[in-house]
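Line by line, the protein sequences give chains A and B.
Mapping of the first sequence onto our numbering: position 296 corresponds to residue 296, and the numbering continues sequentially without gaps.
Mapping of the second sequence onto our numbering: position 125 corresponds to residue 125, and the numbering continues sequentially without gaps.
Take a look at the structure below.
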Amino acid sequence: MMRHEFPGLQQQVHGKPLVYLDNAATAQRPQAVLDAINNYYLKHNANIHRGVHSLSESATELYEQARNSLARLINAPSEKDLIFVRGCTEGVNLVAQTFVRSRVKAGDEILISHLEHHSNIVPWQILCEQTGAKLKVIPMNQQGELVLDDLDQLLNERTKFMSVVHVSNALGTINPVKKLIAAAHAKDIPVLIDGAQATPHIKVDVQDLDCDFYTVSGHKMYGPTGSGILYGKSEHLSAMPPYHGGGEMISKVTFESTVYNAVPAKFEAGTPNIAGGIGLGAAAEFMMTVGMDKIAERDQVLKVYAEQALSEVPGLRLVGTATNKSPVFSFVIDGIHAHDIGTIIDHHGVAIRTGHHCTMPIFQFYGLAGSCRASLAFYNTEQEVDVLVESLLKAKAMFQ
Amino acid sequence: MNNSLQNQQEEIIDTFDMFDDWLEKYQYIIDLGKQLEPMDDALKVDENILHGCQSQVWLVHDFNNGHLNFQASSDAAIVSGLIHLVMTIYSGQTPEKIIATEPEFIERIGLSSHLSSTRSNGLNAMIEKIKATAQSYK
Numbered sequence: 001m002m003r004h005e006f007p008g009l010q011q012q013v014h015g016k017p018l019v020y021l022d023n024a025a026t027a028q029r030p031q032a033v034l035d036a037i038n039n040y041y042l043k044h045n046a047n048i049h050r051g052v053h054s055l056s057e058s059a060t061e062l063y064e065q066a067r068n069s070l071a072r073l074i075n076a077p078s079e080k081d082l083i084f085v086r087g088c089t090e091g092v093n094l095v096a097q098t099f100v101r102s103r104v105k106a107g108d109e110i111l112i113s114h115l116e117h118h119s120n121i122v123p124w125q126i127l128c129e130q131t132g133a134k135l136k137v138i139p140m141n142q143q144g145e146l147v148l149d150d151l152d153q154l155l156n157e158r159t160k161f162m163s164v165v166h167v168s169n170a171l172g173t174i175n176p177v178k179k180l181i182a183a184a185h186a187k188d189i190p191v192l193i194d195g196a197q198a199t200p201h202i203k204v205d206v207q208d209l210d211c212d213f214y215t216v217s218g219h220k221m222y223g224p225t226g227s228g229i230l231y232g233k234s235e236h237l238s239a240m241p242p243y244h245g246g247g248e249m250i251s252k253v254t255f256e257s258t259v260y261n262a263v264p265a266k267f268e269a270g271t272p273n274i275a276g277g278i279g280l281g282a283a284a285e286f287m288m289t290v291g292m293d294k295i296a297e298r299d300q301v302l303k304v305y306a307e308q309a310l311s312e313v314p315g316l317r318l319v320g321t322a323t324n325k326s327p328v329f330s331f332v333i334d335g336i337h338a339h340d341i342g343t344i345i346d347h348h349g350v351a352i353r354t355g356h357h358c359t360m361p362i363f364q365f366y367g368l369a370g371s372c373r374a375s376l377a378f379y380n381t382e383q384e385v386d387v388l389v390e391s392l393l394k395a396k397a398m399f400q
Numbered sequence: 001m002n003n004s005l006q007n008q009q010e011e012i013i014d015t016f017d018m019f020d021d022w023l024e025k026y027q028y029i030i031d032l033g034k035q036l037e038p039m040d041d042a043l044k045v046d047e048n049i050l051h052g053c054q055s056q057v058w059l060v061h062d063f064n065n066g067h068l069n070f071q072a073s074s075d076a077a078i079v080s081g082l083i084h085l086v087m088t089i090y091s092g093q094t095p096e097k098i099i100a101t102e103p104e105f106i107e108r109i110g111l112s113s114h115l116s117s118t119r120s121n122g123l124n125a126m127i128e129k130i131k132a133t134a135q136s137y138k
């Protein structure tokens, strides 16, 4: 589906057609995104928000249009609730340091889940070191789903914030975040949802979810690297202090004091990744044109096909078998190291990821050092899944 | 004075030249890995772990009669084969010869371009560690 729109997919590696199944690490970009970046540098290259000349104005307009496109993609009430960031990592760190830090003291608790990427663990551990707060974890089960039996105790009077991943990058599990948010809100606990792996696959509606913060990674959703969005409820963003000081985020500076600019500029110090933001806006437009419903539908067809195909590889064990999941497959093959599999199937043109996928606690749970991970996008095909399976069978034969 | 090490390298390079394609080379590397002398589990401790490799690699040595003997092990098959090649060249040699011999075979059999950067970095990390050990016994 829409495969022809992605020039990166039309190449060969080691003399074989590329089968790109590492989309959870980073997706390929459609021509529309490449054109938007190129167009900015070719025709609108100027700094934004401060120039009076034509190029600066048109660059500013493109950048702000991109913010509007992203607001529509996640159904934010206003584009002013969106802060451009480098990615989800920066978004989580920003919220930890500007929103949560002043709300916690020694003995308070921050709640995350066992399925978090390191980027939604480490910023909270840093915060805990700074404040004496404790990190609490919603447990997981063998299927790779969150166990919510003790949620009521985990969300207690000491809990000051909850930060949970929407879709697991390692296992593909789609978490019941709406339910989690409602449970936290019932106790007045604000919530951040890490949406890095959600926006490429499913329709996200931040108003329907009612989350306080939501992070979006540009390069996972067919946009440029180093681009992303932090959505925050406007009342939070207005009340939060700035994260970084510098140009753009001020309205008046003297040596005695500084008056900060309004949201979102208050959080966007320095010249931003202008081309990246514009490219990300183009990615959002592209996805809305294709239709998130169609993308989600195609994902599920691929998921069912790949699940069946992989189950036919002798000795292959899927890691994470949640009922509700995106087309991400972590697996191990008896007696063969993941890196060995990844190296050999690369020579058949197949790109997968091997290792712990920045989620070491998940693999500690399973007692594994890591896994192979094939992560599919809507542009992948059933034939590519077949090539994956054939290459795995060939690799297996080499190691026996 | 490096003849024995250099001869080992040349032999490895000649062997790899006989293979037609990369999968055959990998098969050969994998098979070499299977011949690697198993390492005692007691030696597989954190202080013997080699950093810079994506898979686990342990490296130990002993110095005997002016010669440095190395033993290494990995949990991955391809890395085990690469260890076999490195051991063939460097283990059982004098520190002086080890220091003086560059691992040309990596380049000449095409390992540097055909192994992922993380893994060839791991190979380089192993050789650096071997050379640093040799330096300490010089």
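Even for Gly, the Cβ is constructed at its ideal location relative to N, Cα and C.
- Query: When the cut-off is 8 Å and only beta carbons count, does A:T343 lie next to chain B?
  - Reply: yes
- Going by beta carbon distance, what residues of the same chain come within less than 6 Å of A:T98, once the five residues before and after it are set aside? M240, P241 and Y243
- Query: Do you know whose CA, among B:D31, B:H84 and B:T88, lies nearest B:V57's CA?
  - Reply: B:H84
- Query: Pairing CB atoms from the stretch 13-28 of chain A with CB atoms from the stretch 366-377 of chain A, are three or more of them under 8 Å?
  - Reply: yes
- Query: According to the neighbour-count rule (16 or more other Cβ atoms, all chains shown, within 10 Å of its Cβ), is B:M1 buried or exposed?
  - Reply: For B:M1, the predicted model reports a pLDDT of 44, less than 50, meaning its position is unreliable; a value from the coordinates is still stated below. Exposed: under 16 other Cβ atoms inside 10 Å.
- Query: Name the DSSP beta bridge partners of A:D194, please?
  - Reply: A:V165 and A:T215
- Can you say whether A:V332 is buried or exposed, counting buried as having 16 or more other CB atoms within 10 angstroms of its CB? buried
- To the nearest angstrom, how far is it from the Cα of A:H356 to the Cα of A:A369? If you take the alpha carbons of A:H356 and A:A369, they lie about 7 Å apart.
- Got a sec: is the Cβ-Cβ distance from A:H347 to anything in chain B below 8 Å? Chain B contact via Cβ: present.
- Query: Is the CB of A:F399 under 8 Å away from at least one CB in chain B?
  - Reply: yes
- Three-state secondary structure assigned by DSSP to B:M18: coil
- Query: Does the distance from the CB of B:L23 to the CB of A:H347 come in under 8 Å?
  - Reply: yes
- Query: Do A:S217 and A:G8 have their C-beta atoms within less than 8 Å of each other?
  - Reply: no
- Within chain A, the residues that B:L23 reaches when beta carbons sit closer than 7 Å: H347
- For the stretch 70-86 of chain B, which residues have a beta carbon sitting closer than 7 Å to at least one beta carbon of chain A? D75, A76, A77 and I78
- Message: With a threshold of 8 Å between beta carbons, is B:S91 in contact with chain A?
- Response: no
- Message: Going by DSSP in three states, B:M1 sits in which element: helix, strand or coil?
- Response: With a pLDDT of 44 at B:M1, under the threshold of 50, the modelled position of that residue is not reliable, and the figure given next carries that caveat. The answer is coil: DSSP assigns B:M1 none of H, G, I, E or B.
- Task: Out of A:N169, A:S119 and A:F399, state which residue places its alpha-carbon closest to the alpha-carbon of A:P327.
- Result: A:N169
- Message: Under 8 Å, CB to CB, which of the residues in the stretch 106-122 of chain A have a partner in chain B?
- Response: none
- In chain A, which residues lie with their C-beta within 9 Å of the C-beta of B:Q27? M398
- Query: Which first and last residues belong to the alpha helix (DSSP H) in which A:N68 is found?
  - Reply: Here the alpha helix (DSSP H) through A:N68 covers S54 to L73.
- What does B:I30 touch in chain A if you count any residue whose Cβ is under 7 Å from its own? M398 and F399
- Please state whether DSSP places A:N273 in a helix, a strand or coil. coil
- Task: Pull up the distance between the alpha-carbon of A:Q12 and that of A:L18, whole angstroms please.
- Result: 5 Å
- Query: So, helix, strand or coil for A:A36, using DSSP?
  - Reply: helix
- Item | For A:F378, three-class secondary structure by DSSP | coil
- Which value, in whole angstroms, describes the spacing of the CA atoms of A:E307 and A:H118? 26 Å
- Message: Across the stretch 103-111 of chain A and the stretch 159-175 of chain A, are there enough close Cβ pairs to call them in contact, namely three or more that are closer than 8 Å?
- Response: In short, these stretches touch, since the Cβ pair count reaches three.
- Through-space distance from A:D212 to A:E116, alpha-carbon basis: 18 Å
- How many angstroms separate the CA atom of A:E61 from the CA atom of A:V167? 33 Å
- What are the uninterrupted segments assigned as beta strand (DSSP E) that are 3 or more residues long and contained completely in the stretch 200-246 of chain A, given in chain order? 213-217 and 228-232
- Task: Could you say which of A:L230, A:L146 and A:K303 lies nearest to A:I362 if we only look at CA atoms?
- Result: A:L146
- Item | B:Q35 vs B:I89 beta-carbon contact at 8 Å | Judged by their CB atoms, B:Q35 and B:I89 are not nearer to each other than the 8 Å cut-off.
- Give a yes or no on whether the minimum CB-CB distance between B:M1 and chain A is below 8 Å. Residue placement at B:M1 is poorly supported in this model, since its pLDDT is 44, which falls under 50; the coordinates are not used for a value here.
- Query: Could you give the residue range of the alpha helix (DSSP H) that holds A:S330?
  - Reply: Where A:S330 is concerned, there is no enclosing alpha helix (DSSP H), although the beta strand (DSSP E) it sits in stretches over V328 to I333.
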